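A.B. asks:
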Amino acid sequence: MPRPVLEAKGLAKKYGQVSVLSDVTLDIRAGEVHAIIGENGAGKSTLMRLLSGYVEPTSGSLWMDSAEVVFPKPAMAQASGIVLVHQEILLAEALTVAENLFLGRELTRNGIIDDRTMQRITSSKLAEIGCRVSPSALVRDISLADRQLVQIARALLDNYRLVIFDEPTAVLTSDEVETLLAIIVRLKNQGIAILYISHRLDEVQRLADRVTVLRDGKMIGTYPGRTLSQMDMANLMVGRELATLYPKKSIRCISEPMLEVSGATVPGFVSDISFAVHKGEILGFGGMIGAGRTELFEGILGLRPGTAKLRLRGESIHIRKPLDAIEAGIGYLTEDRKGKGLLLGEQLASNLTLSALSRVHPHRLLRKSRDREALVHAVDTYDIRLKSYSLQAGQLSGGNQQKLLLAKVLLTNPSVVIIDEPTRGIDIANKAQIYSFIHKLVETGKACIVISSEMQELIGICDRILVMREGRISGEVTGADMTENKIALLATSNVSMSKEFQGVRHT
Amino acid sequence: MTDMTAIGSIQHEPQFKINWVDAGPFIALAALLLVGFLVNPEFLSANNIANVVTRSAFIAIIAVGATFVISSGGLDLSVGSMAAFVTGVMILSMNALAANLGTSAIIAGIGIVMLAGVLCGLVNGVIVTVGKIEPFIATLGTMGIFRALITYLSDGGSIPIDRSLRDAYRPVYFGSLLGVPVPIVISIVVAVAASFILYKTKYGRRCAAVGANEDVARYSGISVTKVRTIAYVIQGACVAIAAICYVPRLGAATPTTGLLWELQVITAVVIGGTALRGGKGHIWGTVAGAVILELIANLMVLSDFVSEYLVAAVQGVIIIIAMLIQRLSR
Amino acid sequence: MTDMTAIGSIQHEPQFKINWVDAGPFIALAALLLVGFLVNPEFLSANNIANVVTRSAFIAIIAVGATFVISSGGLDLSVGSMAAFVTGVMILSMNALAANLGTSAIIAGIGIVMLAGVLCGLVNGVIVTVGKIEPFIATLGTMGIFRALITYLSDGGSIPIDRSLRDAYRPVYFGSLLGVPVPIVISIVVAVAASFILYKTKYGRRCAAVGANEDVARYSGISVTKVRTIAYVIQGACVAIAAICYVPRLGAATPTTGLLWELQVITAVVIGGTALRGGKGHIWGTVAGAVILELIANLMVLSDFVSEYLVAAVQGVIIIIAMLIQRLSR
Amino acid sequence: QEKKTIAVSIPAADHGWTAGVVYHANAAAKEIKAAFPDVDVIVKTSPSAAAQVSAIEDLSAGRKIDALVILPHSSEELTTPVKAIKDTGAFVTVVDRGLSDASIQDLYVAGDNIAVGHTTARFLVDKLAGKGNLVVLRGIPTVIDDERIKGFQDGIAGSDLKILDIQYANWNSDEAFKLMQDYLAKYPHIDAVWANDDDMLLGVLEAIKQSGRTEIKYALGGNGMKEIVEKVIAGDKVTPIETPYPPSMIKTAIYMTAAQFVGQAPVRGTVKLDAPLITQANAKEYYFPDSPF
Ligand SMILES: Nc1ncnc2c1ncn2[C@@H]1O[C@H](COP(=O)(O)OP(=O)(O)OP(=O)(O)O)[C@@H](O)[C@H]1O
Ligand SMILES: Nc1ncnc2c1ncn2[C@@H]1O[C@H](COP(=O)(O)OP(=O)(O)OP(=O)(O)O)[C@@H](O)[C@H]1O
Ligand SMILES: [Mg+2]
Ligand SMILES: [Mg+2]
């Protein structure tokens, strides 16, 4: 058995009185992929931050090569060969990709910054993990997925002994995931230790040599990876038997168009797209990263410059600014929860009610009690796991932030709900909850648009899927046609569309 | 499998909780009062404290407005010149009306100055939000503009209030209500109204949201332009209110009226606990900050240690120490 | 799966790219020169332009330093008083040494003022980074301190340079090198050195990173404290260099030397395209910004349209317009 | 005949007295331009010594200047630039503050700051019978302020008048108001106050009025502001006198300079304005109701 690269003994973390992690003991060996799984808020990210020097443990110790080590700063962990790829993206938006990649370890020649070499290395590192952004692009201007890839590239730049990935695939599409997994296998074969967190249990099953399960801040145990089925893992995480993931597709009467969009154009991203979503329908939007799905909807909803003709319940509406959309009853859940979704430094309640202030507080005055009621209700409905109501949004775990954001959007009581990556970073048990929630929404006569990079998810819940490629709709799949192959084909090649897709179906 | 009851015990907000960010400036204030008393017992005499607090009223009132602007992520350097300008406008119009209206020209003047303040604030707001110009530069520009306008209106000299109005108007600075000097009463009213707006209305929530993260605010359906413009308008209104208290004090507007008030105002807001990069505003902290500044100046005069040349240095040191106390007490 | 080459056809990086952020201030500068020429053809006379550019050297040099501070997410309001203070220190020590050293006292003075500038910058840096005090307040405090110190040193009057040194020192402002006035040469040297540091060294990269996102910088193993402190030290050194050019021009340090320079400096930096909230700094833009400010003042003197009382207003309007041009040209 | 240009460089109107200077300079320019079409007068104000140096450079770079009338912010800083103008052959008139090198000045119209302090001091020594407690307000730390204070201190030297306190109030009435309030809180007995400028005196009087204190026998200023001269005319008990330091000296200087070009008798040399005591008897001579100051 290879020697452990890093051992944790009795690690615990408390924030004030609240214990978020207790008595975690684990070892990570060279050349293994060690997966950590657990529900949202189980303490996975906290554990990773403890191991890599971002947070100091309340008690417990870390050992490397049979000597105790402490990492008061991330840089010291990195010096010892441990690097963390964060769940939340940590890059300086105003700097370029290459500058971010080499931040704190810039290359110089004769004391002069060597941008040429850095850009060249950046290009090749990014190409290696399938990311095509220019090294001189500003991080501000690249998509979330690309940012995640840049973050990963950062961790692969040096030869670390232990690379920790905290939900690296949450924002990636399947092809990128494949590339990443291949890289992880390669690292492992080079004798590097990998800690891997994911809510996509299929990845865990494919990759992990050992799996450690956390539940509510406690260690449930470490198991040999191949012996566990996905269902076993889910049951261990949750502590009870789980039902099926996707709700049964009910037969709903889908006829009346709810939102019709025609000629949507977003300069530089999307040209002349038309589609309609119907009452009671869940419409999926698939495609590769950069297909322009996010931009399409941001353009339609007045969040970025763009033009489109809209009809809601048959009546034409004009959306000039985001508020118009909310007032018309169109809710949009952004894919960038940290930058555009939540005020990380604010209380949960004020985050929750921010876009629905007038609904929650029908009177002139704000009342704390109404905020509180809304929060308790949301925590209950969306099963947001938290230890205290008075936290700030940034102190929630990633998945629970996502749930809070969903609650925030639905609080405006929209009749058309557009969800960009609905289950990004959400654990398997809660995914099922969110799916059933979406179903309940459309059963009450609303319409729902789901943009997702997880094809399985789209197939699992949608009635119909539109696939985008390079700013246009390249095809539509329904019913039995909804297979991963079909969608992937439409998303990546331009040959198939002529036969199967004759434009948007209007009813 | 363990049971589920372990989870789900969610802590409610502690019943008894001191908000240390809010307490910071008051602790600094208390420390200052103590030091002052040790330096010169006169410092805590009712008369002296009343004087000092009364004259901190202008800065306090304007700083309350600045709390909105700064909280929403803006900045306003023009407040001092704006105060001078609207004071000039007010006096000129009162004087013009005095012949016909008698002392009720004061009421008209108050209406006019409020209008002028709101308009000036609107101009600032529009330049910043619609023109999308860095607030520092935009309001530095309008600072020059307002200052030039008052210089122009006064021909570089002073615009004194008409004799016939002077006595009727005097109590607004020198009078008292139930023993409390009127300017203090006014600033308390302004601060109460402002905390009400900032903490109890939707607008206040939105203001803090815009300051904390513009994008999130926008995606939440908040009009950043509108919220920030309104903040500047509130600032303008506060400047006008300060002008209303100010006029009876010396009875004139001059090109030096309100000089460097902007620095004092911003300092008061920051000492009060509001971050310059925006986010939550602390109205009462701001008021405490304004009082702290005035007390420091007062302490300088009452103490005998400091050469007149070094007053500014000691003041600088005390401000830095006050900030340290404010910060450490969190 | 089909092959992947189909993706990535939307190219966002244009082949031919003018950096408009960098060009902005120069476009504003060009517009101003045009307007100036229309107002008064004398404006573009070699003599006038040389004068204006020469005297913008002080602000330009200090603003180059401020570009570091602002880029790293800080702010320095104390530069004007610091300039007065170090000028005073320099003159006093030169005068004291002149008796023994003769004109080489100037060399000694230059050494002393550089040391003084660096120390003052260090004080600012340490208060901001170690004391963790909002830069606005910290440097407002030291602004008072430096101002008081020069008042104290000069006994409220002025500190003139010794007659025996005056002529030897004169060329540093009035001389020229290959036909270019010395202060222009010095500011170009400073700007070149600064662009080298900001764009070509690790420190410069880290400076921008600290300003763009402190947390990310810290997590990347960059010492935010160190980077920001060094920025203030650079600022101090630049102030000292400006002081060196300043002395021969005015021949004395007074308590009013450098008054309100801080506003001009910050304005120059912002007009130059560096954002006040930190991030990438634009050295040459800053220099252009300083020249723009001086040109506006010059234009005010050369044009005859504006009542003397309204000069500040017109200046304010022009600054706002310059910012608009700068912003729109992106 | 060739058109002559007179450039006038003065401080910007940053408080009452300088505002008066700007007013009188503009008035003189207008009158002269109207009276003598061949003489052009350009008035430029500058907020600081450095700006004034720039303004002079600009004026001379832009056109040929036949005469310069300057009220310098400070002597040292402006000597060299004014000399440069002189070297182009211009006639140089200096007002109020002499340059470090007196040979540059063709004409010098001088105010006497030392006398402002000294005259006031002698009045107080006399009226208080050489005994009492004084508080003093200073302006902005500049040479002008320095000289007034020095004159005052020399004036009370040898008497038993004691300066309890002296602080800066920046020639600003608001700050003077606050400072006086603090003096009143600090000192239970004050016999007289001297604010070295009338702007500040306004604030002082308001503070005294508010305090209701009656032991203060005199509150004096200086500069000849019209509000204060009115008080003197009215026979005010607390402010019975005033020392002039008339901003109109700039007008005198501009006229005398213009005489170089239009008059028969060119004027050179030094014109010293004294600072006599303005009392109820002569106050009317110093009262200009139309001036802003
Ligand atoms: N700074 C903090 N202060 C208080 N509580 C915190 C803080 N940071 C995290 N927590 C709490 O710690 C718990 C564990 O969070 P963590 O981010 O480790 O969960 P996670 O397992 O990574 O979940 P997810 O799958 O949703 O990312 C959560 O309940 C969270 O609210
Ligand atoms: N060829 C390309 N090279 C570099 N960047 C690209 C390219 N194509 C797209 N992008 C980046 O991708 C972004 C568009 O992705 P967008 O988020 O719209 O896609 P999406 O379909 O919503 O994908 P997802 O939501 O799955 O990330 C743009 O911001 C753009 O910067
Ligand atoms: Mg996590
Ligand atoms: Mg997207």
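Protein chains in written order, with the numbering used here: chain D, 2 to 508; chain H, 57 to 386; chain W, 57 to 386; chain E, 294 to 586.
Even glycine gets a Cβ: it sits at the ideal position worked out from N, Cα and C.
These numbers come from a predicted model, not from an experiment.
By alpha-carbon positions, which one of W/211, W/224, W/184 ends up nearest to residue 198 of chain W?
C.D. replies: Within the third sequence, numbered from 1, the residue matching residue 198 of chain W stands at position 142. When each option's Cα is compared against that of residue 198 of chain W, the closest is W/184.
A.B. asks: Pull up the distance between the alpha-carbon of residue 490 of chain E and that of residue 514 of chain E, whole angstroms please.
C.D. replies: Counting from 1 along the fourth sequence, the entry for residue 490 of chain E is found at position 197. Counting from 1 along the fourth sequence, the entry for residue 514 of chain E is found at position 221. Residue 490 of chain E and residue 514 of chain E: Cα-Cα distance of roughly 5 Å.
A.B. asks: In chain order, what are the residue ranges of uninterrupted alpha helix (DSSP H) at least 4 long that sit wholly in the region 272-344 of chain D?
C.D. replies: Listed in chain order, they are 294-301, 323-329.
A.B. asks: What are the uninterrupted segments assigned as alpha helix (DSSP H) that are 4 or more residues long and contained completely in the region 93-139 of chain H, given in chain order?
C.D. replies: Entirely contained in the region 93-139 of chain H, the alpha helix (DSSP H) runs reaching 4 residues are, in chain order, 102-111, 113-127.
A.B. asks: Just the chain E side, please: which residues come within less than 7 Å of residue 264 of chain W by C-beta, in chain order?
C.D. replies: Reading the third sequence from its first residue, position 208 is the one you call residue 264 of chain W. Chain E residues near residue 264 of chain W: none, gap ~32 Å exceeds 7 Å.
A.B. asks: Would you say the beta carbon of residue 397 of chain D comes nearer than 6 Å to a heavy atom of ligand 1?
C.D. replies: Translated into the one-based positions of the first sequence, residue 397 of chain D becomes position 396. At least one heavy atom of ligand 1 is nearer than 6 Å to the Cβ of residue 397 of chain D, so yes.
A.B. asks: Check the Cβ-Cβ distances between residue 75 of chain D and every residue of chain W, and say whether any is below 7 Å.
C.D. replies: By one-based count along the first sequence, residue 75 of chain D stands at place 74. So, interface residue.
A.B. asks: Going by DSSP, what residue range makes up the alpha helix (DSSP H) through residue 16 of chain D?
C.D. replies: By one-based count along the first sequence, residue 16 of chain D stands at place 15. No alpha helix (DSSP H) contains residue 16 of chain D, which is instead part of the beta strand (DSSP E) from 5-16.
A.B. asks: To the nearest whole angstrom, what separates the beta carbons of residue 365 of chain W and residue 306 of chain E, a pair I think is in contact under 8 Å?
C.D. replies: Translated into positions along the third sequence, residue 365 of chain W becomes position 309. Translated into positions along the fourth sequence, residue 306 of chain E becomes position 13. Between residue 306 of chain E and residue 365 of chain W the Cβ distance is about 7 Å, and since that is below 8 Å, they are a contact.
A.B. asks: Could you compute how far the alpha carbon of residue 123 of chain D sits from the alpha carbon of residue 178 of chain D?
C.D. replies: Here the question's residue 123 of chain D lines up with position 122 in the first sequence. Here the question's residue 178 of chain D lines up with position 177 in the first sequence. Distance between the alpha carbons of residue 123 of chain D and residue 178 of chain D: 20 Å.
A.B. asks: What's the call for residue 302 of chain E, buried or exposed, on a 16-neighbour Cβ count within 10 Å?
C.D. replies: By one-based count along the fourth sequence, residue 302 of chain E stands at place 9. Counting Cβ neighbours within 10 Å, residue 302 of chain E comes out buried, since at least 16 surround it.
A.B. asks: Comparing C-alpha positions only, which one of D/134, D/129, D/190 sits nearest to residue 158 of chain D?
C.D. replies: Residue numbering aside, residue 158 of chain D sits at position 157 when the first sequence is read from its first letter. Looking at the Cα atoms, D/129 is the closest of the given residues.
A.B. asks: With a threshold of 6 Å on Cβ separation, who are the neighbours of residue 432 of chain D within its own chain once the five nearest residues in sequence on each side are excluded?
C.D. replies: In the first sequence, the residue the question calls residue 432 of chain D occupies position 431. Once the five neighbours on either side are set aside, the close Cβ partners of residue 432 of chain D are 424.
A.B. asks: Any heavy atom of ligand 3 closer than 6 Å to the CB of residue 120 of chain D?
C.D. replies: Sequence index remark: in the first sequence, residue 120 of chain D carries index 119 (1-based). No, since every heavy atom of ligand 3 falls outside the 6 Å radius drawn around the Cβ of residue 120 of chain D.
A.B. asks: Would you decide whether residue 1 of chain D is buried or exposed? Buried here means 16 or more other CB atoms lie within 10 Å of its CB.
C.D. replies: No information on residue 1 of chain D is available, as it lies outside the stretch 2 to 508 that chain D covers here.
A.B. asks: If I'm right that residue 563 of chain E touches residue 403 of chain E with Cβ under 8 Å, what's the distance once you round it to whole angstroms?
C.D. replies: Walking along the fourth sequence from the start, residue 563 of chain E turns up at place 270. Walking along the fourth sequence from the start, residue 403 of chain E turns up at place 110. Confirmed, about 6 Å.
A.B. asks: Under three-state DSSP, which class holds residue 36 of chain D?
C.D. replies: Position 35 of the first sequence, counted from the first residue, corresponds to residue 36 of chain D. Residue state, collapsed to three classes: strand.
A.B. asks: In angstroms, rounded to a whole number, what distance separates the CA positions of residue 213 of chain H and residue 312 of chain H?
C.D. replies: The residue labelled residue 213 of chain H in the question sits at position 157 within the second sequence. The residue labelled residue 312 of chain H in the question sits at position 256 within the second sequence. So the two alpha carbons sit approximately 9 Å from each other.
A.B. asks: Cutting at 8 Å between CB atoms, please list the residues of its own chain near residue 427 of chain D, excluding the five before and the five after it.
C.D. replies: Here residue 427 of chain D refers to the residue found at position 426 when the first sequence is read from its first residue. Contacts found: 41, 200, 400, 403, 404, 435.
A.B. asks: Less than 6 Å between the CB of residue 88 of chain D and some heavy atom of ligand 3, yes or no?
C.D. replies: For the purposes of this step, residue 88 of chain D is taken as residue 87 along the first sequence, with counting starting at 1. Under cutoff, so the answer is yes.
A.B. asks: Can you give the Cα-Cα distance for residue 218 of chain D and residue 58 of chain D, rounded to whole angstroms?
C.D. replies: As a first step, residue 218 of chain D is located in the first sequence; it is residue number 217 there, counting from the start. As a first step, residue 58 of chain D is located in the first sequence; it is residue number 57 there, counting from the start. Using only the alpha carbons, I get a separation of about 13 Å.
A.B. asks: Which residues of chain D have a Cβ atom closer than 8 Å to the Cβ of residue 257 of chain W, listed in chain order?
C.D. replies: Translated into positions along the third sequence, residue 257 of chain W becomes position 201. Result: 109, 112, 113, 114.
A.B. asks: Would you mind stating whether residue 309 of chain H and residue 140 of chain H have Cβ atoms separated by less than 7 Å?
C.D. replies: Mapped onto the second sequence, residue 309 of chain H falls at position 253. Mapped onto the second sequence, residue 140 of chain H falls at position 84. Yes, these two residues count as a Cβ contact at 7 Å.
A.B. asks: Do we get a CB-CB distance below 7 Å when we pair residue 310 of chain W with the residues of chain E?
C.D. replies: As a working note, residue 310 of chain W is residue 254 in the third sequence. So, interface residue.
A.B. asks: Tell me whether residue 227 of chain D is buried or exposed, calling it buried when 16 or more other Cβ atoms sit within 10 Å of its Cβ.
C.D. replies: As a first step, residue 227 of chain D must be located in the first sequence, where it is residue number 226. Its Cβ having fewer than 16 others within 10 Å, residue 227 of chain D is exposed.
A.B. asks: So with Cβ pairs under 7 Å, would you call residue 383 of chain W a contact of chain D?
C.D. replies: Position 327 of the third sequence, counting from 1, holds the residue named residue 383 of chain W. False, the Cβ-Cβ gap to chain D never drops below 7 Å.
A.B. asks: Classify residue 320 of chain H: buried if its beta carbon has 16 or more other beta carbons within 10 angstroms, exposed otherwise.
C.D. replies: Position 264 of the second sequence, counted from the first residue, corresponds to residue 320 of chain H. Buried.
A.B. asks: For residue 211 of chain W, go through chain D and note every residue whose CB falls closer than 8 Å to its CB, in chain order.
C.D. replies: Locating residue 211 of chain W in the third sequence gives position 155, counting from the first residue. Ordered by position in chain D, no residue passes the 8 Å Cβ test against residue 211 of chain W, which lies about 47 Å from the chain.
A.B. asks: If you measure beta-carbon to beta-carbon, which residues of the region 304-337 of chain E are closer than 8 Å to chain H?
C.D. replies: Flagged, chain order: 306, 307, 308, 309, 311, 312, 313, 315, 316.
A.B. asks: Please confirm if residue 434 of chain E has its CB atom under 7 Å from at least one CB of chain W.
C.D. replies: Position 141 of the fourth sequence, counted from the start, is the residue given in the question as residue 434 of chain E. Answer yes: the Cβ-Cβ gap between residue 434 of chain E and chain W drops below 7 Å somewhere.
A.B. asks: Looking only at its own chain, which residues have a Cβ that is under 8 Å from the Cβ of residue 418 of chain E, when we skip the five neighbours before and after it?
C.D. replies: Along the fourth sequence, read from residue 1 onward, the residue named residue 418 of chain E stands at position 125. Here the set comprises 448, 449, 452, 454.
A.B. asks: Using a Cβ-Cβ cut-off of 7 Å, state whether residue 105 of chain D counts as contacting chain W.
C.D. replies: In the first sequence, counting from the first residue as 1, residue 105 of chain D sits at position 104. Judged by the 7 Å Cβ criterion, residue 105 of chain D is in contact with chain W.
A.B. asks: So, does the region 90-108 of chain D touch the region 266-278 of chain W, judging by three or more C-beta pairs under 8 Å?
C.D. replies: Verdict: yes, contact present.
A.B. asks: Against chain E, does residue 159 of chain W count as a neighbour if the rule is that its beta carbon must be under 7 Å from one of theirs?
C.D. replies: Translated into the one-based positions of the third sequence, residue 159 of chain W becomes position 103. Output row for residue 159 of chain W: interface = no.
A.B. asks: Which runs of the alpha helix (DSSP H), 4 residues or longer, sit entirely within the region 162-245 of chain D?
C.D. replies: Fully enclosed alpha helix (DSSP H) runs of 4 or longer: 175-190, 202-208, 231-239.
A.B. asks: Mind pulling the chain W residues with CB within less than 8 Å of residue 372 of chain E?
C.D. replies: Reading the fourth sequence from its first residue, position 79 is the one you call residue 372 of chain E. Here the neighbours are 307.
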